[in-house]
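First the structure, in the form of structure tokens, and then the observations on it.
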Amino acid sequence: NGLKYYKGNSKNNFLNIHGKNVAVEICSDHGKQKIDENTFLEVIMAYDIFGGFHIGVNNDSFSRYALVCNALSKKADGNVLPVECYEYNLGKNPKLRILEPEFDRKDFRVYTLDDL
351 NGLKYYKGNS
361 KNNFLNIHGK
371 NVAVEICSDH
381 GKQKIDENTF
391 LEVIMAYDIF
401 GGFHIGVNND
411 SFSRYALVCN
421 ALSKKADGNV
431 LPVECYEYNL
441 GKNPKLRILE
451 PEFDRKDFRV
461 YTLDDL
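The opening residue of the sequence shown carries number 351 in our numbering; numbering runs sequentially from there.
Next up, the structure:
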């Protein structure tokens with residue numbers, strides 16, 4: 351996609367896919383980068399024991415999805431399970447929930463993301 355990562359610079363961390371804005375974040379940059387309120391999906395790539403989707407004062411004002419790809423995530427049985435998808439929806443209670451994949455295989459998962 352022609353993206354280049356520069357430490358501390360998040361002005362170009364967006365893609366537009368089929369009219370939806372997708373933010374791309376790397377590991378601990380999540381929560382520190384500015385994410386526009388018209389973001390449909392955050393893709394967070396991590397290799398971190400604490401990697402995940404976090405809600406805080408700076409990103410609590412809009413609904414969106416987050417796809418977290420954390421290479422250190424593991425199931426209780428020790429198998430690597432690196433992808434999880436979250437929905438953060440201000441119109442629902444609870445606002446934050448983990449989505450179940452529509453299709454789940456060893457090498458990939460499929461999620462259906464509806465308009466929020």
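Every residue, glycine too, gets a C-beta built ideally from N, C-alpha and C.
Going by beta carbons, V393 and F403 fall outside the 7 Å limit.
Its chain contains V433, P451 as the residues whose beta carbon lies nearer than 6 Å to that of R459, once the 5 sequence neighbours on both sides are disregarded; these appear in chain order.
R414 is classed as buried because its beta carbon has at least 16 other beta carbons within 10 Å across all chains shown. Looking only at L365, F390, Q383, H380, the smallest Cα-Cα distance to D465 is reached by F390. Residue range 446 to 449 is occupied by the beta strand (DSSP E) that includes L446. Here L365 is actually not in contact with Y397; their C-beta atoms are around 21 Å apart, not less than 8 Å. Here N362 carries a coil assignment [DSSP, helix/strand/coil].
In the DSSP assignment, T389 falls within the unbroken beta strand (DSSP E) covering 389 to 396. With at least 16 other beta carbons inside 10 angstroms of its own, I385 counts as buried.
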